[in-house]
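Peer 1: One structure, pasted below without further comment.
In structure tokens form, the structure reads like this:
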């Protein structure tokens, strides 16, 4: 139940980042739908394919797909009508939220599937970042996680690591997830504002 | 049996669109083979991975792969020798045919796997368009389904929707498939000729 | 056991090619890690997803992932500190080694899964080349296997074909693998040095 809710929130967050990115590229509604579905479900789908979990959550629960489509439609119309100026910074917050949420749920699901803590962290990073990798590849850009000075995968790594550590310390999942979101949101904000880079 | 035939026709249609695209980019024979296999089998393979159907049809039936390679070889040599002028419009017809066929078979297979009608439509669109997404990503272009004014995914959506509706009305599959092909062919032709765009 | 060793060697070879490519693009350490993991595990992962083999080898054996990360870290630091001039030719040797090794192991695993010899050759090529396809797509380049005059997939094809033939002639796997590596290394060296192209 708890993880269902997380998955839904992360999904909406990523859908919004997909809508913004698709609109910046002047795509039509079908393109917006495709990009937001890819961004929302890409990470979780790859996670489930790698761990061999079926049926896939969005095939089993069609209301998730409907929700993403509705959110994308509303966001898309709102963005168009208000002539809202959409910059790279606009997608920062929804993206950071989704990043924290998916890192946490990815780690939890991997541990539940019996992986080690180390592999769970890797799966957490994949769950959280693969949607945006697909989004950026579809838009013919070098994915944000490979770009220097974005600390994108780095944020997800710290969130995933924090979640594993808190699990081992028996911290409640609700609290852990909250910490993961704080980590990704603060780190991403710093990374973009002060142009923080990894030393290597 | 019926669906085997559809799958084969759609496969050849997509293989041709792959050959044309690869030749436009001046790839060698190995590149042509790779692109046409990806375009032919990409959508069906993703559909089967998402629905967890194994063994994959092209692994089980090697004659499908051989067929695509032979078709690609013949098409490739023909295109080269006749100095046939290959434009974006040349791939329009095989592409529209494959689009209609794969939408129909994708929907039928998804329904057979027990998905809802709504998810079956999504799977239909994925089956029909993912091969061309891979083809365009491999050629380092923004995939056609994300480009405004192509109505690519939109055609597949209407074909998939029509198939689901006709299934519920107990229309025979043969007839339904024919209707799906007409829909995609006519819509794509209009979209390209009159530069039709989605209003949003 | 034998194939485990091959998989490890091929993995390191591809990891090195990933590090070199990522460093050429001036990525940070996280980008280097991501690209080298994708290049190392991409082909084997797709092979196992297509053949439905689970759990995935790198999820089951976390030391493989740790090994790739350590190798990438060391290689990355070495490349940076020595101001080693990294050109396209630098990745030629590790890449050719990985290509031969993965072609051989891909064919062996496919045959073991019960595919025909023909499909095993296709799987061999996919196993060997898909990592580099992902690497190049992630770096927003047309994948090397689609570029004319690289003979990349062609090398893998001949290595895979040689392996299948030697299997049928009951040649020992150790010897066959050695032959596969010679084939890919010599062919790639020739292809790049004399700019050999396929006639079609």
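Protein chains in written order, with the working numbering: chain A, 185 to 384; chain B, 185 to 384; chain C, 185 to 384.
All residues carry an ideal CB built from backbone N, CA and C; glycine is no exception.
For the region 330-357 of chain C, enumerate the residues whose C-beta is nearer than 9 Å to any C-beta of chain A, in chain order.
Peer 2: For the region 330-357 of chain C, the set of positions with a beta-carbon nearer than 9 Å to some beta-carbon of chain A is empty.
Peer 1: Counting only beta-carbon separations shorter than 7 Å, does residue 302(B) have a partner in chain A?
Peer 2: Yes, residue 302(B) lies at the interface with chain A (some Cβ there is under 7 Å from its Cβ).
Peer 1: Can you tell me the Cα-Cα spacing of residue 314(B) and residue 226(B), whole angstroms?
Peer 2: Those two C-alpha atoms are separated by around 6 Å.
Peer 1: Quick one: Cα of residue 316(C) to Cα of residue 370(B), how far?
Peer 2: 39 Å
Peer 1: Identify each residue in the region 206-225 of chain B for which the Cβ-Cβ distance to at least one residue of chain C is less than 9 Å, and report them in chain order.
Peer 2: 206, 209, 210, 211, 212, 213, 214, 215, 216, 217, 218, 219 and 221
Peer 1: Should the region 232-252 of chain B be called in touch with the region 330-350 of chain B, which here means at least 3 C-beta pairs below 8 Å?
Peer 2: no
Peer 1: Could you say which of 223(A), 192(A) and 259(A) lies nearest to residue 213(A) if we only look at CA atoms?
Peer 2: Taking the Cα of residue 213(A) as reference, the smallest distance to any Cα among 223(A), 192(A) and 259(A) is reached at 259(A).
Peer 1: So which of 235(A), 215(A), 192(A) and 204(A) has the shortest CA-CA distance to residue 310(A)?
Peer 2: Nearest C-alpha to residue 310(A): 235(A).
Peer 1: Between residue 284(A) and residue 191(A), what straight-line distance do the alpha-carbon atoms span, to the nearest angstrom?
Peer 2: Residue 284(A) and residue 191(A): Cα-Cα distance of roughly 11 Å.
Peer 1: Taking the alpha helix (DSSP H) that residue 354(B) belongs to, which residues open and close that run?
Peer 2: Looking at the DSSP string, residue 354(B) is not in any alpha helix (DSSP H), and its letter there is neither H nor E.
Peer 1: Note down the Cα distance separating residue 312(A) from residue 320(A), rounded to an integer number of angstroms.
Peer 2: 14 Å
Peer 1: With a threshold of 6 Å on Cβ separation, who are the neighbours of residue 202(A) within its own chain once the five nearest residues in sequence on each side are excluded?
Peer 2: 219, 220, 223 and 319
Peer 1: In whole angstroms, what separates the C-alpha of residue 255(B) from that of residue 372(C)?
Peer 2: Between residue 255(B) and residue 372(C), the C-alpha separation is close to 28 Å.
Peer 1: Which chain A residues sit within Cβ distance under 7 Å of residue 364(C)?
Peer 2: Under the 7 Å cutoff, chain A gives no residues; its nearest Cβ is about 28 Å from residue 364(C).
Peer 1: Tell me whether residue 378(B) sits in a helix, a strand or coil according to DSSP, three-state version.
Peer 2: coil
Peer 1: So, with DSSP's three-state summary, where would you put residue 231(C)?
Peer 2: helix
Peer 1: For residue 322(C), which residues in chain A fall below 7 Å Cβ to Cβ?
Peer 2: The contacting residues are 327 and 330.
Peer 1: Check the Cβ of residue 299(C) against every Cβ in chain B and list those closer than 7 Å, keeping chain order.
Peer 2: Correct list: 243.
Peer 1: Could you work out which residue in 199(B), 211(B) and 243(B) is closest to residue 278(B) when comparing CA atoms only?
Peer 2: Minimum Cα distance to residue 278(B) is reached at 199(B).
Peer 1: List in chain order: all unbroken alpha helix (DSSP H) runs of 4+ residues lying wholly within the region 286-347 of chain B.
Peer 2: 301-322
Peer 1: Output yes or no for whether 7 Å exceeds the beta carbon distance between residue 228(A) and residue 282(A).
Peer 2: No, these two residues do not count as a Cβ contact at 7 Å.
Peer 1: Which two residues bound the contiguous alpha helix (DSSP H) that contains residue 263(B)?
Peer 2: Under the DSSP assignment, residue 263(B) falls in the alpha helix (DSSP H) whose first and last residues are 246-265.
Peer 1: Look at the Cβ atom of residue 375(C), then the Cβ atom of residue 363(C), and state whether they are nearer than 7 Å.
Peer 2: no
Peer 1: Kindly list, in the order they appear in chain B, the residues whose Cβ is closer than 9 Å to that of residue 293(C).
Peer 2: Per Cβ cutoff of 9 Å: no residues; residue 293(C) is ~13 Å from chain B at best.
Peer 1: If the criterion is Cβ atoms closer than 7 Å, does the pair residue 295(A) and residue 304(A) meet it?
Peer 2: yes
Peer 1: When DSSP labels each residue in this structure, what does residue 213(B) get in the three-state scheme?
Peer 2: helix
Peer 1: Helix or strand or just coil, what does DSSP make of residue 239(A)?
Peer 2: coil
Peer 1: Output the distance between the C-alpha atoms of residue 336(B) and residue 264(C), rounded to the nearest integer angstrom.
Peer 2: 46 Å
Peer 1: If you draw a straight line from the alpha carbon of residue 381(B) to that of residue 329(B), how long is it in whole angstroms?
Peer 2: Using only the alpha carbons, I get a separation of about 13 Å.
Peer 1: Let me know the secondary structure DSSP gives residue 383(B) once reduced to three states.
Peer 2: coil
Peer 1: Would you decide whether residue 262(C) is buried or exposed? Buried here means 16 or more other CB atoms lie within 10 Å of its CB.
Peer 2: exposed
Peer 1: Give me, in chain order, the residues of the same chain whose beta-carbon lies closer than 6 Å to that of residue 232(C); leave out the 5 immediate sequence neighbours on both sides.
Peer 2: Excluding residues within five positions, the ones whose Cβ falls inside 6 Å are 240.
Peer 1: Based on Cα-Cα distance, which residue from 210(B), 333(B) and 243(B) lies nearest to residue 378(B)?
Peer 2: Comparing alpha-carbon positions, the option among 210(B), 333(B) and 243(B) lying closest to residue 378(B) turns out to be 333(B).
Peer 1: Residues of chain A with CB under 7 Å from residue 204(C), in chain order?
Peer 2: In chain order: nothing, as chain A lies at least about 15 Å away.
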